[in-house]
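Here this note's numbering is used: the first residue of the sequence shown is 147, the next is one more, and so on.
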Amino acid sequence: SAGILKTSPVFSQESTELIFAVLENPGRFRLMRMNLADRSVESLRKDAGPAEFEPACSVDGRYCAFVCQRGVLSLPVAIFDRQSDSLAEVLPPAGFAGMRSPAIAPDNSRVLYSCANGGRQHIYSTNLQAEDPKQLTDGAGIDNWPCFSPDGKFIVFGSSRDGDFEIYVMKSDGSD
């Protein structure tokens, strides 16, 4: 697969594999997994959708969250349970809206994502079944690129709330 665009590599399975997106054709990214021991590569999911990209993996490798495309303006976050081969999706609001930048809590309790809607972009979290969504930020500007601290107590993210992009930290429940 030399010469094929590959993006967004992340370690999984306690650093024994890589998950990354491959541009199969101009309209389709597919998530792939590479076993680092033998360098074998295969599709992460046999039932991949039209486009899947921006992967995030749980520390233990059981879960993989990613952005997928379900329509021209529909970019939900999918949460793939590799153990049960099941998929849950957090659907974006109607209209021009989409999710980006998923991140999984170290204890597999929540998934963070950024959602653009109505000219603003905020950080949200949901459980691994894509239920119980919670908005964590509500300021002006764009909030994106969330990441949990290794102990799961804090979230770091980028925000343009003060006019240019800066890095902010909050508690994992969105407070403080």
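Each residue gets a CB set at the ideal place from its N, CA and C atoms; glycine is no exception.
For residue i, which three-state DSSP category applies?
i      : result
Gly304 : strand
Ile313 : strand
Glu160 : coil
Leu237 : coil
Ser232 : strand
Asn273 : coil
Thr153 : strand
Leu190 : coil
Leu258 : strand
Ser247 : strand
Arg174 : strand
Val168 : strand
Asp297 : coil
Asp206 : coil
Does residue i have its Cβ less than 7 Å from a Cβ in chain B?
i      : result
Asp278 : Within the model displayed, chain B is absent; a lone protein chain is all it includes.
Please confirm whether residue i and residue j have their CB atoms less than 7 Å apart.
i      : j      : result
Leu274 : Ile313 : no
Pro239 : Val223 : no
Gly309 : Pro252 : no
Val236 : Thr272 : yes
Ala211 : Ile250 : yes
Leu221 : Met245 : yes
Gln267 : Ile288 : yes
Ala194 : Arg176 : yes
Among all the DSSP beta bridges, which residues are the ones paired with residue i?
i      : result
Val223 : Val213 and Val236
Glu198 : Cys214
Arg266 : Asn263
Arg179 : Ile165 and Glu188
Lys280 : Ser271
Asp289 : Ser305
Mind reading off the beta-carbon distance from residue i to residue j? Whole number of angstroms is fine, and I expect it under 8 Å.
i      : j      : result
Pro178 : Ser189 : The displayed chain sequence assigns Met, not Pro, to residue 178. The Cβ separation is near 6 Å, so the contact holds.
Pro196 : Arg174 : 6 Å
Gly207 : Gln281 : The pair is not a contact, with the Cβ atoms about 29 Å apart (cut-off 8 Å).
Tyr209 : Asn263 : That pair is no contact at about 25 Å.
Does the segment 190-207 touch the segment 147-167, meaning 3 or more C-beta pairs lie closer than 8 Å? Contact holds: three or more Cβ-Cβ distances are below 8 Å.
Can at least three beta-carbon pairs, one atom from the segment 254-270 and one from the segment 284-296, be found at a separation below 8 Å? In the pairwise beta carbon analysis, the segment 254-270 is classified as touching the segment 284-296: at least three pairs are separated by under 8 Å.
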